[in-house]
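>
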Amino acid sequence: MDLRRRTFLKLAGAATAGSLIPACKEDVHQLVPYLLPDDQIVPGVADWYASVCGECPAGCGILVRVMEGRAKKIEGNPSHPINRGKLCVRGHASLQRLYNPDRIRGPLKRAGRRGEGKFEPISWDEGIASWREHLQTHRGHALMLSGPLSGTTAQVVKAFVERMGGPLVIHDPWVDHALIRAVDAEFGRPVVPDFDLAESDYVLSFGAPLLEHWRSPVAMGIAYGQMRQGRPSVRGRLIQIEARMSLSAANADRWIPIHPGTEGLLAIGIGQLLLTRQDTSTDGGNGHGHGYREFFKTFDLNEIVRQTEVGYDDIERIADEFSSAQSPVAIAGGPASAHTNGTAALTVVNLLNIIRDRVGKPGGVRFFESVNSPIFNHKEAPISERGFLELIDGADAGRFPLVHLHRCNPLHTLPPSIPVRRLFERAEFIVSFNSFMDESTDLADLILPDHVSLEAWSDHEHLEEGRVPVVGLAQPVVRPLYDTRAVGDVMLEVGRHIDEGLPAMVSHQTIRDAIRSNWEALLAQQNRTNEPEWFETAWIEKLKEGGWWGPARKSNTPERNRRSPGYEYESARFDGDAAEFPFFFYPYPSLALGNGEGANLPWLQELPDPLTTVVWGTWAEINPKTAMARGIRQGDLIRVISPHGSLDIPAVHFPGIRPDLIAVPIGQGHRAYGRYATNRGVNPLALLGALFDRDSGRLATAATRVRIEATGRTGSLTMIEQREMPAMRDLIGIDRINTWIRGSGKE
Numbered sequence: 087m088d089l090r091r092r093t094f095l096k097l098a099g100a101a102t103a104g105s106l107i108p109a110c111k112e113d114v115h116q117l118v119p120y121l122l123p124d125d126q127i128v129p130g131v132a133d134w135y136a137s138v139c140g141e142c143p144a145g146c147g148i149l150v151r152v153m154e155g156r157a158k159k160i161e162g163n164p165s166h167p168i169n170r171g172k173l174c175v176r177g178h179a180s181l182q183r184l185y186n187p188d189r190i191r192g193p194l195k196r197a198g199r200r201g202e203g204k205f206e207p208i209s210w211d212e213g214i215a216s217w218r219e220h221l222q223t224h225r226g227h228a229l230m231l232s233g234p235l236s237g238t239t240a241q242v243v244k245a246f247v248e249r250m251g252g253p254l255v256i257h258d259p260w261v262d263h264a265l266i267r268a269v270d271a272e273f274g275r276p277v278v279p280d281f282d283l284a285e286s287d288y289v290l291s292f293g294a295p296l297l298e299h300w301r302s303p304v305a306m307g308i309a310y311g312q313m314r315q316g317r318p319s320v321r322g323r324l325i326q327i328e329a330r331m332s333l334s335a336a337n338a339d340r341w342i343p344i345h346p347g348t349e350g351l352l353a354i355g356i357g358q359l360l361l362t363r364q365d366t367s368t369d370g371g372n373g374h375g376h377g378y379r380e381f382f383k384t385f386d387l388n389e390i391v392r393q394t395e396v397g398y399d400d401i402e403r404i405a406d407e408f409s410s411a412q413s414p415v416a417i418a419g420g421p422a423s424a425h426t427n428g429t430a431a432l433t434v435v436n437l438l439n440i441i442r443d444r445v446g447k448p449g450g451v452r453f454f455e456s457v458n459s460p461i462f463n464h465k466e467a468p469i470s471e472r473g474f475l476e477l478i479d480g481a482d483a484g485r486f487p488l489v490h491l492h493r494c495n496p497l498h499t500l501p502p503s504i505p506v507r508r509l510f511e512r513a514e515f516i517v518s519f520n521s522f523m524d525e526s527t528d529l530a531d532l533i534l535p536d537h538v539s540l541e542a543w544s545d546h547e548h549l550e551e552g553r554v555p556v557v558g559l560a561q562p563v564v565r566p567l568y569d570t571r572a573v574g575d576v577m578l579e580v581g582r583h584i585d586e587g588l589p590a591m592v593s594h595q596t597i598r599d600a601i602r603s604n605w606e607a608l609l610a611q612q613n614r615t616n617e618p619e620w621f622e623t624a625w626i627e628k629l630k631e632g633g634w635w636g637p638a639r640k641s642n643t644p645e646r647n648r649r650s651p652g653y654e655y656e657s658a659r660f661d662g663d664a665a666e667f668p669f670f671f672y673p674y675p676s677l678a679l680g681n682g683e684g685a686n687l688p689w690l691q692e693l694p695d696p697l698t699t700v701v702w703g704t705w706a707e708i709n710p711k712t713a714m715a716r717g718i719r720q721g722d723l724i725r726v727i728s729p730h731g732s733l734d735i736p737a738v739h740f741p742g743i744r745p746d747l748i749a750v751p752i753g754q755g756h757r758a759y760g761r762y763a764t765n766r767g768v769n770p771l772a773l774l775g776a777l778f779d780r781d782s783g784r785l786a787t788a789a790t791r792v793r794i795e796a797t798g799r800t801g802s803l804t805m806i807e808q809r810e811m812p813a814m815r816d817l818i819g820i821d822r823i824n825t826w827i828r829g830s831g832k833e
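Numbering (my numbering), first residue to last: 87 to 833.
Here you go:
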């Protein structure tokens, strides 16, 4: 065949064009011409919208850069009093929640057996009709299980649930129930008070995760920086007391690796010495702490030294420093709260502040009066983990045939020893408003997906904590990407059609209308003009600012509110015999993934742990001396066994941990949470027993004992930095651990 150049080019061109025809036909529905763009979009020009971060309950103010209708970048809002222009990595990663490919894109109904994960799309009309039918059938027996709620959304959800006649239960794994109970018992205020780090010159922390996830991580980081470097002639000191070296301990002046569960005993020992070093005739200067002198006298300091494994010289040094400091403050949380005596331990730590008259003082423990506003303050107190046992009993009795889920995943955040699965198995119908498929939503019969925070209207109140009262105002920065609806809008619509509707104060067409109504009442209190359009002007101004914040308040000293004539303290209890299970076990929230809610965001998966540098997985921290004695190398797969199960986890040699402790981060181990999280790592909560703090009902996550076994296999472990961490060798706590090993003959 005589194939000339011109003929060849013709044939090649035809073949190329032919190959492109099917491809173009396949994707033509995705090619949208930009000849008639939205009249509010200017190509190449970015707009910045003020809103509120929804990645954790802190409610930081954010500015979102939007170009051509798409959110491109998130920064902190410099005007917002909580974060003052700063933003943590989880806030930056919220873009990936908006554009996550695994979002639920519209209403779904179950297509197979419950739990099979088979769903089929339906219309909103069909979904709402189905839900309304079950609401009418089970009126008065509908359980609403939700994550933290705030502002107008809390008001609408609460009113809806009350009208439907069922309980509203808030599940928030971040809440420190032991701390709130301890503060309430002493001061009559069931809140987390403001620990004024910024103005303190000596912070005595009993496990409080100040630089990880305690309260508002960004605000605490700012306060820590102010304590260290914000005053020309004062550099504050931080003493961290906990069995594992956390990020807070790594940044402390001294880390003291205490015996797990004895934090309260150490506080008693410090209190005994404090009473001998200063005048306490005024009873703390505020009438608090009646009877604590007699309480302290019942303990032997030598026995405290023996049980805590903290030397007398260390206790004396802390007492001297705490006594001589100008503005010291004692704080407790984290592992100190995670034992069966958590509330008792935190109560004793509070007494140290009372002895030093640090309540209501700058640099101490401060309380502020909540803003007197009937518009907000609709927050429901979260349920403790022990409270779930009562809910499960109610489900067994048939009291909750209809169950709702909203922004929570109890099947992942609670251990199997709390059989919350029974609550779902006993339900006749389950409705989920979650935006992603997860372990709990996988059991739903109907899914009515909510917007993600960057698509939604909301407001976030911080009226009790902090010197400045804040109500953050969140606006949608982009149009909803998919066929989702705000849960407030859905409840308002259904509430109007079931009977007489919701109460008049929230009977609006949309959640945006309800928010505007509340904000008009809020801003009317500050309105000083007679202009008829004053609210529209003020509303636009608050949208630009990202919220409302009032003037700074003076702290007050609550009246003494002891619920009992004296104080009590009991030793921590542990699940598992010490001979069979020789190691203490401590699962702790991941800095990046939290309690698992961030595991479906790849930016957070790729963030190295700051102490071990591990990414994309779960690891077990073990002291190198312990590992070498058992022939366990870095990356070896070890079996961690508790009385309730076992998990195979790669080992990481971590010198910042006691030799009798195994620590594992929480966050991984999802079985249904999208492509980035499913079947990645393990959930250490699976090993926990159902032990609780006696007074608050908080799950005692540090109260389970384990043993370890070598499997002879190598685990999947990805670390950014493979070599040993030399900076840890000179830390006081590391040196103390090595000395303790040699003295106990465990080397």
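By construction, the Cβ of each residue, glycine as well, lies at the ideal position given by its N, Cα and C atoms.
I'd like the ranges of any alpha helix (DSSP H) spanning at least 4 consecutive residues and lying wholly in the stretch 702-784.
Qualifying alpha helix (DSSP H) stretches, in chain order: 710-715.
> Contact check, His-546 vs Val-138 under 8 angstroms by CB: the rounded distance?
Contact holds; Cβ gap of about 5 angstroms.
> Let me check one thing: in DSSP terms, what residues is Pro-234 bridge-paired to?
For Pro-234, which the question treats as bridged, DSSP gives no partner whatsoever.
> Terminal residues of the continuous alpha helix (DSSP H) containing Gly-355?
Gly-355 -> alpha helix (DSSP H) spans 349-361.
> Expressed to the nearest angstrom, what Euclidean distance is found between the alpha-carbon atoms of Glu-795 and Gly-753?
In a straight line, the C-alpha of Glu-795 is about 23 angstroms away from that of Gly-753.
> Entirely within the stretch 392-454 and at least 4 residues each: give me those alpha helix (DSSP H) ranges in chain order.
Runs of the alpha helix (DSSP H) inside the stretch 392-454: 398-410, 428-441.
> What does the Cβ neighbour count give for His-583, buried or exposed, with the cut at 16 atoms within 10 Å?
By the neighbour-count rule (16 or more Cβ atoms within 10 Å), His-583 is not buried but exposed.
> Let's test the definition: count the other Cβ atoms within 10 Å of the Cβ of Pro-346 and tell me whether it reaches 16, buried, or not, exposed.
So Pro-346 ends up on the buried side.
> Below 8 angstroms on the Cβ atoms is my guess for Leu-231 versus His-490; work out the distance and round it to an integer in Å.
The Cβ separation is near 6 angstroms, so the contact holds.
> Mind reading off the beta-carbon distance from Gly-721 to Pro-736? Whole number of angstroms is fine, and I expect it under 8 angstroms.
The Cβ separation is near 5 angstroms, so the contact holds.
> What residues match up with Val-320 in a beta bridge as DSSP calls it?
The partner list for Val-320 (beta bridge, DSSP) reads Arg-317.
> Determine the extent of the alpha helix (DSSP H) in which Asp-482 is found, giving its start and end residues.
Residues 473-482.
> If you reduce the DSSP assignment to three classes, tell me which class Glu-272 lands in.
Glu-272: helix per DSSP, three-state reduction.
> Give a single yes or no on whether Gly-446 has its beta carbon closer than 7 angstroms to a heavy atom of the ligand MG.
Ligands are entirely absent from the displayed structure, and the ligand MG is therefore not among its contents.
> Kindly provide the ranges of any beta strand (DSSP E) runs that are 3 or more residues long and lie completely inside the stretch 188-260, ordered along the chain.
Within the stretch 188-260, the complete beta strand (DSSP E) runs of at least 3 residues are 194-196, 205-207, 228-232, 254-256.
> Give the secondary structure of Tyr-185 by DSSP, where H, G and I count as helix, E and B as strand, and everything else as coil.
Three-state result, Tyr-185: coil.
> Check whether chain D comes within 8 angstroms of Pro-193, counting only Cβ atoms and requiring the distance to be less than that.
Within the model displayed, chain D is absent; a lone protein chain is all it includes.
> Assuming Thr-623 is part of the beta strand (DSSP E), what are its boundary residues?
That residue, Thr-623, is in no beta strand (DSSP E); its alpha helix (DSSP H) goes 620-631.
> Could you tell me the distance, in whole angstroms, from the CA atom of Ile-390 to the CA atom of Gly-316?
Between Ile-390 and Gly-316, the C-alpha separation is close to 37 angstroms.
> How is Leu-149 classed by DSSP in three states: helix, strand or coil?
Three-state DSSP puts Leu-149 in a strand.
> Pull up the distance between the alpha-carbon of Pro-729 and that of Phe-670, whole angstroms please.
When rounded, the distance between both Cα atoms is 12 angstroms.
> My understanding is that Ile-148 touches Ile-160, with C-beta atoms under 8 angstroms, so please give their C-beta distance in whole angstroms.
About 5 angstroms; that satisfies the 8 angstroms criterion.
> Please say whether Gly-397 and Gly-293 have beta carbons closer to each other than 8 angstroms?
Result no, Cβ atoms of Gly-293 and Gly-397 do not sit closer than 8 angstroms.
> In terms of residues, what are the limits of the beta strand (DSSP E) holding Ala-560?
Segment 556-560, the beta strand (DSSP E) holding Ala-560.
> Could you tell me which of Gly-798, Thr-804, Ala-772 sits nearest to Val-792, measuring between CA atoms?
Nearest of Gly-798, Thr-804, Ala-772 to Val-792, Cα basis: Ala-772.
> What residues match up with Ala-678 in a beta bridge as DSSP calls it?
Bridge partners of Ala-678: none, in fact.
> Do Leu-609 and Leu-559 have their C-beta atoms closer together than 8 angstroms?
For Leu-609 and Leu-559, no; Cβs fall outside 8 angstroms.
> Where does His-492 sit, in a helix, a strand or coil, going by DSSP?
Correct three-state label for His-492: strand.
> Do you know how far the Cα of Phe-408 is from the Cα of Ile-308?
Rounded to the nearest angstrom, the two C-alpha atoms are 23 angstroms apart.
> Would you say Val-506 and Phe-474 are within 8 angstroms of each other, going by their C-beta atoms?
It is a contact, given that the beta carbons lie within the stated cut-off.
> Between the alpha carbons of Gly-322 and Tyr-378, how many angstroms are there, rounded?
For Gly-322 and Tyr-378, the distance between alpha carbons rounds to 28 angstroms.
> CB-CB under 7 angstroms to Arg-452, same chain, minus the five flanking residues each way: which ones, in chain order?
The answer, listed in chain order, is Pro-279, Asp-280, Asp-282, Gly-446, Ser-641.
> Can you tell me the Cα-Cα spacing of Ile-256 and Val-243, whole angstroms?
One C-alpha to the other measures close to 11 angstroms.
> How would you label Val-128, buried or exposed, when you count the other beta carbons within 10 angstroms and need 16 or more for buried?
By the 10 Å Cβ count, Val-128 comes out exposed.
> Just list the residues that DSSP pairs Arg-156 with in beta bridges.
According to DSSP, which records beta bridges pairwise, Arg-156 is partnered with Met-153.
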